[in-house]
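Here's the structure, in C-alpha coordinates; my notes come after.
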Amino acid sequence: MTGASGYVGGRVVPALLAEGISVRCLARTPAKLSAASWINDVDVVRGSVEDDLSEPMQGVDTAIYLVHSIGEPNWVQRESSQARNFALAAESAGVQRIVFLGGLGSKQEVLSEHLASRQNAGVALASTSVPVIELRAGVIIGSGSASFEMLRYLVDVLPVMVTPKWVNTRCQPVAIANVVSLIVSAVTSAPSISGVLEVGGADIVTYAQMMDVYADAAGLRRRVLLPVPLLTPRLSSHWIGLVTPVPVPLAKELVQSLVNEVVVSERSACDELSVVPMGLAQAIASALDATQQNRTPTTFSDADLVYFHPNELDPSWAGGTVFSDVRVQRTPLTEEQLFSELCSIGGTKGWYRGKLLWQIRGVLDQLAGGPGLRRGRKDQLRIGDALDFWRIEDIQAPHLLRLRAEMRLPGSAWLTWKVERNGAVTTVTQSATFRPRGLLGRLYWAAVLPFHRFIFPAMLSGVIDGAERRNRELSKDRSTPA
(Lines of atoms letter the chains of each structure in order from A and count residues from 1; the text may use other names and numbers.)
(Lines give C-alpha, C1' and ligand atoms only; values in the text may rest on other atoms or scores of the structure.)
Protein backbone atom coordinates (compact mmCIF):
# COMPACT_ATOMS: atom_id res chain seq x y z
CA MET A 1 0.00 0.00 0.00
CA THR A 2 1.46 3.33 -1.06
CA GLY A 3 -0.07 6.68 -0.17
CA ALA A 4 -1.52 5.47 3.14
CA SER A 5 -1.06 8.94 4.67
CA GLY A 6 -2.93 10.61 1.80
CA TYR A 7 -6.60 11.44 1.28
CA VAL A 8 -7.70 8.24 -0.46
CA GLY A 9 -5.12 5.88 1.03
CA GLY A 10 -5.99 6.82 4.59
CA ARG A 11 -9.53 5.58 3.95
CA VAL A 12 -8.61 2.50 1.94
CA VAL A 13 -6.39 0.95 4.63
CA PRO A 14 -9.15 0.45 7.26
CA ALA A 15 -11.50 -0.80 4.52
CA LEU A 16 -8.94 -3.44 3.52
CA LEU A 17 -8.41 -4.45 7.14
CA ALA A 18 -12.18 -4.81 7.58
CA GLU A 19 -12.07 -7.41 4.78
CA GLY A 20 -9.44 -9.41 6.68
CA ILE A 21 -6.64 -8.41 4.32
CA SER A 22 -3.09 -8.10 5.68
CA VAL A 23 -1.66 -4.69 4.80
CA ARG A 24 1.90 -3.42 4.51
CA CYS A 25 2.28 0.37 4.15
CA LEU A 26 5.22 1.99 2.36
CA ALA A 27 5.85 5.46 3.84
CA ARG A 28 8.59 8.03 3.39
CA THR A 29 7.77 9.31 6.88
CA PRO A 30 6.33 6.48 8.98
CA ALA A 31 5.66 8.88 11.87
CA LYS A 32 2.85 10.43 9.80
CA LEU A 33 0.90 7.21 10.29
CA SER A 34 1.55 6.96 14.03
CA ALA A 35 -1.80 8.44 15.10
CA ALA A 36 -3.92 6.38 12.68
CA SER A 37 -6.45 4.20 14.48
CA TRP A 38 -5.26 1.20 12.45
CA ILE A 39 -1.50 1.66 12.93
CA ASN A 40 -1.11 -1.43 15.14
CA ASP A 41 -2.90 -3.58 12.56
CA VAL A 42 -0.52 -2.95 9.65
CA ASP A 43 3.13 -3.48 8.81
CA VAL A 44 4.87 -0.15 8.09
CA VAL A 45 8.13 0.05 6.15
CA ARG A 46 10.10 3.20 5.42
CA GLY A 47 10.74 3.91 1.77
CA SER A 48 9.78 5.73 -1.41
CA VAL A 49 8.60 4.59 -4.83
CA GLU A 50 11.89 5.96 -6.15
CA ASP A 51 13.89 3.61 -3.91
CA ASP A 52 14.90 -0.02 -4.22
CA LEU A 53 11.60 -1.75 -3.42
CA SER A 54 12.78 -5.36 -3.54
CA GLU A 55 12.53 -5.82 0.22
CA PRO A 56 9.17 -4.05 0.82
CA MET A 57 7.62 -6.03 -2.07
CA GLN A 58 8.58 -9.44 -0.68
CA GLY A 59 5.54 -11.57 0.16
CA VAL A 60 3.11 -9.07 -1.41
CA ASP A 61 0.18 -10.37 -3.47
CA THR A 62 -1.28 -7.03 -4.53
CA ALA A 63 0.47 -3.65 -4.76
CA ILE A 64 -1.75 -0.57 -4.53
CA TYR A 65 -0.35 2.57 -6.16
CA LEU A 66 -1.82 5.81 -4.81
CA VAL A 67 1.22 8.04 -5.30
CA HIS A 68 0.96 11.46 -6.92
CA SER A 69 4.01 13.72 -7.38
CA ILE A 70 2.03 16.72 -8.64
CA GLY A 71 3.90 19.99 -8.19
CA GLU A 72 7.33 18.52 -7.54
CA PRO A 73 10.21 19.48 -9.86
CA ASN A 74 9.80 17.72 -13.22
CA TRP A 75 6.79 15.96 -11.73
CA VAL A 76 5.37 14.73 -15.04
CA GLN A 77 8.59 12.88 -15.89
CA ARG A 78 9.01 11.71 -12.29
CA GLU A 79 5.55 10.19 -12.19
CA SER A 80 6.30 7.93 -15.13
CA SER A 81 9.74 6.91 -13.84
CA GLN A 82 8.40 6.26 -10.33
CA ALA A 83 5.58 4.12 -11.70
CA ARG A 84 8.02 2.19 -13.90
CA ASN A 85 10.30 1.54 -10.90
CA PHE A 86 7.33 0.34 -8.88
CA ALA A 87 6.15 -2.00 -11.64
CA LEU A 88 9.60 -3.53 -12.16
CA ALA A 89 9.95 -4.16 -8.42
CA ALA A 90 6.52 -5.77 -8.34
CA GLU A 91 7.40 -8.02 -11.26
CA SER A 92 10.70 -9.06 -9.69
CA ALA A 93 8.98 -9.89 -6.38
CA GLY A 94 6.27 -11.99 -8.02
CA VAL A 95 3.41 -9.62 -7.19
CA GLN A 96 0.19 -10.90 -8.74
CA ARG A 97 -1.61 -7.58 -9.34
CA ILE A 98 -1.18 -3.81 -9.23
CA VAL A 99 -4.16 -1.56 -8.46
CA PHE A 100 -3.80 2.08 -9.52
CA LEU A 101 -6.08 5.09 -9.07
CA GLY A 102 -5.57 7.28 -12.12
CA GLY A 103 -7.32 10.08 -13.99
CA LEU A 104 -10.33 9.91 -16.29
CA GLY A 105 -10.20 11.54 -19.69
CA SER A 106 -10.95 10.72 -23.33
CA LYS A 107 -8.12 9.84 -25.71
CA GLN A 108 -9.90 11.93 -28.33
CA GLU A 109 -9.20 15.12 -26.35
CA VAL A 110 -6.01 17.00 -25.61
CA LEU A 111 -5.78 16.22 -21.92
CA SER A 112 -4.58 18.57 -19.22
CA GLU A 113 -1.05 18.00 -17.97
CA HIS A 114 -2.47 16.54 -14.77
CA LEU A 115 -4.74 13.98 -16.46
CA ALA A 116 -2.17 13.12 -19.11
CA SER A 117 0.43 12.45 -16.42
CA ARG A 118 -1.97 10.19 -14.55
CA GLN A 119 -2.59 8.16 -17.67
CA ASN A 120 1.11 8.01 -18.54
CA ALA A 121 1.77 6.64 -15.05
CA GLY A 122 -0.83 3.97 -15.79
CA VAL A 123 0.99 3.04 -18.99
CA ALA A 124 4.27 2.74 -17.05
CA LEU A 125 2.66 0.53 -14.42
CA ALA A 126 1.29 -1.74 -17.15
CA SER A 127 4.65 -2.04 -18.93
CA THR A 128 5.62 -5.29 -17.18
CA SER A 129 4.04 -8.73 -16.98
CA VAL A 130 2.16 -7.90 -13.75
CA PRO A 131 -1.61 -7.49 -14.42
CA VAL A 132 -2.88 -4.00 -13.60
CA ILE A 133 -6.33 -2.68 -12.73
CA GLU A 134 -6.27 1.03 -13.50
CA LEU A 135 -9.24 2.85 -12.00
CA ARG A 136 -9.63 6.17 -13.82
CA ALA A 137 -11.63 8.70 -11.80
CA GLY A 138 -12.52 12.33 -12.34
CA VAL A 139 -14.04 14.56 -9.65
CA ILE A 140 -14.07 12.86 -6.23
CA ILE A 141 -16.70 14.10 -3.78
CA GLY A 142 -16.03 13.52 -0.10
CA SER A 143 -15.44 15.49 3.07
CA GLY A 144 -11.94 16.92 2.84
CA SER A 145 -11.32 16.18 -0.84
CA ALA A 146 -9.80 19.02 -2.85
CA SER A 147 -12.66 18.92 -5.36
CA PHE A 148 -15.33 19.02 -2.65
CA GLU A 149 -13.63 21.76 -0.63
CA MET A 150 -13.27 23.87 -3.75
CA LEU A 151 -16.96 23.41 -4.56
CA ARG A 152 -18.05 23.97 -0.95
CA TYR A 153 -16.21 27.24 -0.43
CA LEU A 154 -17.15 28.70 -3.80
CA VAL A 155 -20.87 28.13 -3.20
CA ASP A 156 -20.85 28.99 0.52
CA VAL A 157 -18.95 32.24 0.08
CA LEU A 158 -20.17 33.63 -3.25
CA PRO A 159 -23.89 34.25 -3.94
CA VAL A 160 -22.91 35.67 -7.34
CA MET A 161 -20.04 34.27 -9.39
CA VAL A 162 -18.32 35.37 -12.55
CA THR A 163 -17.64 32.02 -14.16
CA PRO A 164 -15.46 30.76 -17.03
CA LYS A 165 -16.79 28.55 -19.79
CA TRP A 166 -15.40 25.37 -18.18
CA VAL A 167 -18.31 25.39 -15.71
CA ASN A 168 -20.40 24.01 -18.58
CA THR A 169 -18.09 21.05 -19.23
CA ARG A 170 -19.63 17.70 -18.31
CA CYS A 171 -18.21 15.51 -15.57
CA GLN A 172 -19.28 12.41 -13.66
CA PRO A 173 -18.43 13.04 -9.98
CA VAL A 174 -17.99 10.00 -7.77
CA ALA A 175 -18.32 9.65 -4.00
CA ILE A 176 -15.18 8.83 -2.03
CA ALA A 177 -17.07 5.89 -0.49
CA ASN A 178 -17.48 4.43 -3.98
CA VAL A 179 -13.81 4.99 -4.78
CA VAL A 180 -12.76 3.16 -1.61
CA SER A 181 -15.17 0.29 -2.38
CA LEU A 182 -13.83 0.02 -5.93
CA ILE A 183 -10.21 -0.19 -4.76
CA VAL A 184 -11.08 -2.89 -2.22
CA SER A 185 -13.11 -4.76 -4.85
CA ALA A 186 -10.21 -4.50 -7.30
CA VAL A 187 -7.91 -6.09 -4.72
CA THR A 188 -10.29 -9.01 -4.12
CA SER A 189 -11.64 -9.43 -7.68
CA ALA A 190 -11.13 -12.40 -9.96
CA PRO A 191 -7.78 -12.66 -11.80
CA SER A 192 -9.63 -12.31 -15.11
CA ILE A 193 -10.40 -8.63 -14.40
CA SER A 194 -7.64 -6.25 -15.50
CA GLY A 195 -6.97 -3.21 -17.64
CA VAL A 196 -8.49 0.27 -17.57
CA LEU A 197 -11.80 0.68 -15.74
CA GLU A 198 -13.48 4.09 -15.79
CA VAL A 199 -14.93 5.45 -12.56
CA GLY A 200 -18.00 7.67 -12.36
CA GLY A 201 -20.98 8.25 -10.11
CA ALA A 202 -24.64 7.88 -10.97
CA ASP A 203 -25.05 11.39 -12.44
CA ILE A 204 -23.49 13.26 -15.35
CA VAL A 205 -23.56 17.01 -14.71
CA THR A 206 -21.78 20.23 -15.51
CA TYR A 207 -19.80 22.04 -12.82
CA ALA A 208 -22.52 24.69 -12.77
CA GLN A 209 -25.10 22.00 -12.04
CA MET A 210 -22.85 20.65 -9.28
CA MET A 211 -23.00 24.08 -7.67
CA ASP A 212 -26.80 23.98 -7.80
CA VAL A 213 -26.90 20.52 -6.20
CA TYR A 214 -24.54 21.66 -3.46
CA ALA A 215 -26.60 24.80 -2.78
CA ASP A 216 -29.74 22.66 -2.41
CA ALA A 217 -27.98 20.23 -0.05
CA ALA A 218 -26.57 23.07 2.05
CA GLY A 219 -29.92 24.90 2.26
CA LEU A 220 -28.63 27.87 0.26
CA ARG A 221 -30.22 29.82 -2.55
CA ARG A 222 -29.14 28.88 -6.03
CA ARG A 223 -26.07 30.89 -6.94
CA VAL A 224 -26.16 33.40 -9.81
CA LEU A 225 -23.54 32.54 -12.44
CA LEU A 226 -22.33 35.17 -14.89
CA PRO A 227 -20.40 33.45 -17.72
CA VAL A 228 -17.30 35.28 -19.01
CA PRO A 229 -15.57 33.60 -21.97
CA LEU A 230 -12.22 35.30 -21.28
CA LEU A 231 -11.76 33.92 -17.75
CA THR A 232 -8.89 31.45 -18.21
CA PRO A 233 -7.96 28.51 -15.95
CA ARG A 234 -4.94 30.50 -14.73
CA LEU A 235 -7.09 33.46 -13.65
CA SER A 236 -9.70 31.11 -12.21
CA SER A 237 -7.08 29.36 -10.09
CA HIS A 238 -6.03 32.64 -8.45
CA TRP A 239 -9.64 33.39 -7.57
CA ILE A 240 -10.11 29.87 -6.20
CA GLY A 241 -6.90 30.20 -4.18
CA LEU A 242 -8.29 33.35 -2.55
CA VAL A 243 -11.76 32.01 -1.76
CA THR A 244 -11.05 28.34 -0.96
CA PRO A 245 -8.43 26.35 1.02
CA VAL A 246 -7.02 24.92 -2.22
CA PRO A 247 -3.66 26.60 -3.00
CA VAL A 248 -3.32 28.38 -6.33
CA PRO A 249 -0.90 25.90 -8.00
CA LEU A 250 -3.10 22.92 -7.11
CA ALA A 251 -6.26 24.82 -8.08
CA LYS A 252 -4.65 25.52 -11.46
CA GLU A 253 -4.13 21.80 -12.08
CA LEU A 254 -7.68 20.96 -10.99
CA VAL A 255 -9.24 23.69 -13.11
CA GLN A 256 -7.23 22.71 -16.18
CA SER A 257 -8.52 19.17 -15.71
CA LEU A 258 -12.10 20.48 -15.52
CA VAL A 259 -11.68 21.83 -19.04
CA ASN A 260 -11.68 18.19 -20.16
CA GLU A 261 -14.92 16.23 -20.20
CA VAL A 262 -14.48 13.42 -17.66
CA VAL A 263 -17.34 11.00 -18.31
CA VAL A 264 -17.35 7.20 -18.35
CA SER A 265 -17.44 6.11 -21.98
CA GLU A 266 -15.97 2.61 -22.04
CA ARG A 267 -15.60 -0.09 -19.33
CA SER A 268 -17.40 1.02 -16.17
CA ALA A 269 -15.55 0.13 -12.97
CA CYS A 270 -18.80 0.06 -11.01
CA ASP A 271 -20.28 -2.49 -13.43
CA GLU A 272 -17.16 -4.66 -13.61
CA LEU A 273 -16.59 -4.66 -9.84
CA SER A 274 -20.25 -4.75 -8.74
CA VAL A 275 -20.31 -1.44 -6.88
CA VAL A 276 -23.56 0.59 -6.92
CA PRO A 277 -22.61 4.23 -7.71
CA MET A 278 -23.96 6.93 -5.43
CA GLY A 279 -25.93 9.88 -6.83
CA LEU A 280 -24.38 13.34 -6.67
CA ALA A 281 -26.96 14.72 -4.21
CA GLN A 282 -26.34 11.83 -1.83
CA ALA A 283 -22.56 12.14 -2.16
CA ILE A 284 -22.66 15.87 -1.39
CA ALA A 285 -25.09 15.39 1.50
CA SER A 286 -22.83 12.71 2.98
CA ALA A 287 -19.73 14.89 2.62
CA LEU A 288 -21.53 17.86 4.16
CA ASP A 289 -22.77 15.80 7.09
CA ALA A 290 -19.27 14.44 7.78
CA THR A 291 -17.83 17.96 7.58
CA GLN A 292 -20.41 19.44 9.95
CA GLN A 293 -20.02 16.55 12.41
CA ASN A 294 -16.21 16.86 12.24
CA ARG A 295 -15.97 13.27 10.99
CA THR A 296 -13.37 13.80 8.31
CA PRO A 297 -10.77 11.04 8.67
CA THR A 298 -8.57 12.38 5.88
CA THR A 299 -8.27 15.61 3.89
CA PHE A 300 -6.48 16.59 0.69
CA SER A 301 -3.95 18.55 2.77
CA ASP A 302 -2.86 15.33 4.50
CA ALA A 303 -0.72 14.69 1.45
CA ASP A 304 2.58 16.51 1.95
CA LEU A 305 2.14 18.56 -1.21
CA VAL A 306 5.19 20.39 -2.47
CA TYR A 307 3.05 23.53 -2.84
CA PHE A 308 3.05 23.78 0.94
CA HIS A 309 6.75 23.34 1.68
CA PRO A 310 9.23 24.94 -0.69
CA ASN A 311 12.00 24.60 1.91
CA GLU A 312 13.02 21.63 4.03
CA LEU A 313 14.32 21.74 7.61
CA ASP A 314 18.07 21.59 8.04
CA PRO A 315 18.43 20.41 11.66
CA SER A 316 22.02 21.63 11.93
CA TRP A 317 21.06 25.20 11.01
CA ALA A 318 24.32 25.26 9.11
CA GLY A 319 25.25 27.74 6.45
CA GLY A 320 23.08 30.80 6.87
CA THR A 321 21.57 33.54 9.00
CA VAL A 322 18.88 32.52 11.46
CA PHE A 323 16.54 34.96 13.23
CA SER A 324 14.60 33.92 16.29
CA ASP A 325 12.11 35.19 18.82
CA VAL A 326 12.36 33.20 22.07
CA ARG A 327 9.93 33.52 24.99
CA VAL A 328 10.11 31.65 28.28
CA GLN A 329 7.56 31.34 31.08
CA ARG A 330 7.26 29.14 34.15
CA THR A 331 4.22 27.68 35.88
CA PRO A 332 3.41 25.11 38.59
CA LEU A 333 1.20 23.22 36.12
CA THR A 334 2.36 19.78 35.01
CA GLU A 335 3.84 19.05 31.60
CA GLU A 336 0.74 17.09 30.62
CA GLN A 337 -1.60 19.95 31.54
CA LEU A 338 0.39 22.43 29.48
CA PHE A 339 0.85 20.13 26.51
CA SER A 340 -2.86 19.40 26.36
CA GLU A 341 -3.53 23.13 25.97
CA LEU A 342 -0.77 23.50 23.39
CA CYS A 343 -2.34 20.78 21.28
CA SER A 344 -5.63 22.73 21.12
CA ILE A 345 -4.11 25.76 19.39
CA GLY A 346 -5.25 26.96 15.96
CA GLY A 347 -8.41 26.24 14.00
CA THR A 348 -11.54 27.85 15.41
CA LYS A 349 -9.74 28.52 18.70
CA GLY A 350 -7.15 30.67 16.98
CA TRP A 351 -3.77 31.81 18.24
CA TYR A 352 -4.78 33.63 21.46
CA ARG A 353 -4.13 37.21 20.38
CA GLY A 354 -4.25 39.40 17.30
CA LYS A 355 -7.11 37.54 15.62
CA LEU A 356 -7.50 40.25 12.98
CA LEU A 357 -3.77 40.26 12.26
CA TRP A 358 -3.80 36.48 11.78
CA GLN A 359 -6.80 36.76 9.47
CA ILE A 360 -5.10 39.46 7.40
CA ARG A 361 -1.96 37.33 7.19
CA GLY A 362 -4.08 34.40 6.03
CA VAL A 363 -5.72 36.42 3.25
CA LEU A 364 -2.35 37.80 2.09
CA ASP A 365 -0.99 34.28 2.02
CA GLN A 366 -3.87 33.08 -0.14
CA LEU A 367 -3.32 35.99 -2.52
CA ALA A 368 0.31 34.87 -2.80
CA GLY A 369 -0.75 31.29 -3.58
CA GLY A 370 -0.33 29.83 -0.10
CA PRO A 371 -2.85 27.79 1.93
CA GLY A 372 -4.04 30.64 4.19
CA LEU A 373 -5.95 29.79 7.35
CA ARG A 374 -8.81 27.88 5.74
CA ARG A 375 -7.40 24.39 6.29
CA GLY A 376 -8.11 24.50 10.03
CA ARG A 377 -7.05 21.53 12.11
CA LYS A 378 -8.00 18.03 13.22
CA ASP A 379 -9.12 17.14 16.72
CA GLN A 380 -6.02 15.06 17.42
CA LEU A 381 -2.66 16.30 16.16
CA ARG A 382 -0.10 14.04 14.52
CA ILE A 383 3.10 14.47 12.57
CA GLY A 384 2.37 15.59 9.02
CA ASP A 385 -1.06 17.10 9.77
CA ALA A 386 -1.95 20.54 8.44
CA LEU A 387 -2.68 23.14 11.12
CA ASP A 388 -3.96 26.35 9.49
CA PHE A 389 -0.96 27.48 7.41
CA TRP A 390 1.47 25.37 9.41
CA ARG A 391 2.29 21.65 9.26
CA ILE A 392 3.20 19.58 12.28
CA GLU A 393 6.81 18.59 11.81
CA ASP A 394 7.37 16.97 15.18
CA ILE A 395 5.30 16.14 18.23
CA GLN A 396 6.66 14.38 21.31
CA ALA A 397 4.08 14.50 24.08
CA PRO A 398 4.35 16.08 26.56
CA HIS A 399 7.66 17.76 25.75
CA LEU A 400 7.79 19.08 22.18
CA LEU A 401 5.56 20.53 19.47
CA ARG A 402 7.17 21.94 16.32
CA LEU A 403 5.30 23.50 13.41
CA ARG A 404 6.76 24.27 9.99
CA ALA A 405 5.34 27.28 8.18
CA GLU A 406 3.65 26.63 4.85
CA MET A 407 2.56 30.19 4.19
CA ARG A 408 4.42 31.91 1.36
CA LEU A 409 7.62 33.37 2.81
CA PRO A 410 10.99 34.60 1.55
CA GLY A 411 12.64 31.93 3.68
CA SER A 412 11.79 29.08 6.06
CA ALA A 413 10.03 29.41 9.42
CA TRP A 414 9.24 27.20 12.40
CA LEU A 415 7.26 27.67 15.61
CA THR A 416 8.38 25.41 18.46
CA TRP A 417 7.32 24.82 22.05
CA LYS A 418 9.43 22.86 24.53
CA VAL A 419 7.98 21.85 27.89
CA GLU A 420 10.32 20.79 30.71
CA ARG A 421 9.60 19.91 34.35
CA ASN A 422 12.16 20.72 37.05
CA GLY A 423 10.96 19.97 40.57
CA ALA A 424 7.69 21.80 41.19
CA VAL A 425 8.08 24.15 38.21
CA THR A 426 7.38 23.59 34.51
CA THR A 427 9.24 25.75 32.00
CA VAL A 428 7.71 26.48 28.59
CA THR A 429 10.04 27.78 25.88
CA GLN A 430 8.41 29.17 22.74
CA SER A 431 10.68 29.79 19.76
CA ALA A 432 9.78 31.44 16.46
CA THR A 433 12.67 30.72 14.09
CA PHE A 434 13.19 32.18 10.61
CA ARG A 435 15.90 31.40 8.09
CA PRO A 436 15.74 34.21 5.48
CA ARG A 437 16.32 33.77 1.78
CA GLY A 438 18.26 36.70 0.35
CA LEU A 439 17.72 40.38 1.04
CA LEU A 440 13.93 40.07 0.77
CA GLY A 441 13.93 37.56 3.63
CA ARG A 442 15.85 39.93 5.88
CA LEU A 443 13.55 42.82 5.03
CA TYR A 444 10.53 40.61 5.73
CA TRP A 445 11.80 39.73 9.22
CA ALA A 446 12.43 43.41 10.00
CA ALA A 447 8.93 44.32 8.80
CA VAL A 448 7.10 41.72 10.91
CA LEU A 449 9.23 42.10 14.05
CA PRO A 450 6.94 44.76 15.63
CA PHE A 451 3.95 42.44 15.19
CA HIS A 452 5.88 39.55 16.71
CA ARG A 453 6.48 41.62 19.85
CA PHE A 454 2.73 42.06 20.14
CA ILE A 455 1.64 38.53 19.24
CA PHE A 456 4.20 36.07 20.57
CA PRO A 457 4.29 37.07 24.27
CA ALA A 458 0.49 36.97 24.36
CA MET A 459 0.49 33.60 22.60
CA LEU A 460 2.66 31.99 25.26
CA SER A 461 0.70 33.66 28.06
CA GLY A 462 -2.50 32.46 26.40
CA VAL A 463 -1.29 28.87 26.40
CA ILE A 464 -0.48 29.00 30.11
CA ASP A 465 -3.67 30.89 31.01
CA GLY A 466 -5.73 28.41 29.00
CA ALA A 467 -4.07 25.46 30.73
CA GLU A 468 -4.69 27.02 34.14
CA ARG A 469 -8.32 27.73 33.30
CA ARG A 470 -8.83 24.18 32.04
CA ASN A 471 -7.22 22.80 35.22
CA ARG A 472 -9.52 24.91 37.42
CA GLU A 473 -12.59 23.72 35.50
CA LEU A 474 -11.54 20.08 35.84
CA SER A 475 -10.89 20.56 39.57
CA LYS A 476 -14.29 22.18 39.98
CA ASP A 477 -16.01 19.32 38.12
CA ARG A 478 -14.28 16.73 40.31
CA SER A 479 -15.30 18.54 43.50
CA THR A 480 -18.96 18.97 42.47
CA PRO A 481 -21.20 16.25 44.04
CA ALA A 482 -22.94 13.95 41.59
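Each residue of the sequence shown is one higher than the last, beginning at 5 in our numbering. Note that the Cβ used here is the ideal one computed from N, Cα and C, for glycine as well.
Quick check: the segment 162-170 against the segment 230-249, are at least 3 beta-carbon pairs closer than 8 Å? yes
Take the Cβ of G427 as the centre, count every other Cβ of all protein chains shown within 10 Å, and call the residue buried at 16 or more, exposed below. exposed
Bounding residues of the alpha helix (DSSP H) (the contiguous stretch that carries K256): V252 to L262
Which one or two residues does DSSP pair with Y69 in a beta bridge? F104
In whole angstroms, what is the alpha-carbon distance linking E397 and T300? 21 Å
Within the same chain, show all residues whose beta-carbon is closer than 7 Å to that of V263, passing over the 5 residues directly before and after it, in chain order. S116, W170, T173 and P237
Apart from the five residues on each side of it in sequence, which residues of its chain come closer than 8 Å, Cβ to Cβ, to V326? T437, F438 and R439
Please classify F458 as buried or exposed, where buried requires at least 16 other C-beta atoms within 10 Å of its C-beta. exposed
When F104, S151 and G98 are compared against S133, the one with the closest alpha-carbon: G98
Return the residue from the list T303, Q400 and D47 that minimises the CA-CA distance to L488. Lying outside 5 to 486, the shown extent of the chain, residue 488 is not represented and no answer is given.
Looking at the structure shown, is Q363 part of a helix, part of a strand, or coil, going by DSSP? helix
Cβ shell of R446 (< 7 Å), same chain only, five flanking positions each side left out: P440
Could you check the C-alpha separation between R357 and P461 for me, to the nearest Å? 9 Å
Nearest residue (CA-CA) to G388, options R406, R378 and Y218: R406
Per the DSSP calculation, G167 is bridged to which residue(s)? A small correction: the amino acid at residue 167 is Thr; Gly does not occupy that position in the sequence shown. DSSP lists P231 as partners of T167.
Under the three-state reduction of DSSP, which class applies to W321: helix, strand or coil? Low per-residue confidence applies at W321: pLDDT is 34, beneath 50, and the placement is therefore not dependable enough to give any value.
Going by C-alpha distance, which of A287, I399 and V27 is nearest N182? A287
If we ignore side chains and look at the alpha-carbon of each, how far apart do S189 and I137 end up? 11 Å
Can you check which of these residues, L108, S272 and L162, is closest to R226 by C-alpha distance? L162
Between the alpha carbons of I468 and T192, how many angstroms are there, rounded? 52 Å
Do you know whose CA, among A291, E202, V103 and D45, lies nearest E153's CA? A291
With DSSP as the reference, label D389 as helix, strand or coil. coil
Beta-carbon contacts of S96 that lie in its chain and below 8 Å, excluding the five residues immediately before and after: S58 and M61
According to DSSP, E2 sits in a beta bridge with which residue or residues? Any property of residue 2 remains undetermined from this structure, which presents the chain solely from 5 to 486.
Can you look up E276 in the DSSP assignment and give me helix, strand or coil? helix
For a test of the three-state rule: what should DSSP assign to G126, helix, strand or coil? helix
Over what stretch of residues does the beta strand (DSSP E) that includes L404 continue unbroken? L404 to A409
Considering just the uninterrupted stretch of the alpha helix (DSSP H) at L20, what are its terminal residues? G13 to A22
Taking the alpha-carbon positions, what's the R379 to Y157 distance? 11 Å
Check each candidate in R140, I180, S435 and F104 and name the one with the smallest Cα separation from Y11. I180
Using C-beta distances below 7 Å, list every residue in its chain close to K359, excluding the 5 sequence neighbours before and after it, in chain order. none
By the DSSP assignment, the beta strand (DSSP E) with S328 in it spans what residues? F327 to T335
Per DSSP, the bridge partner or partners of N426: V429
For P375, the three-state DSSP class (helix, strand or coil): coil
According to DSSP, is E397 helix, strand or coil? strand
Quick one: grab the DSSP three-state call for Q112. coil
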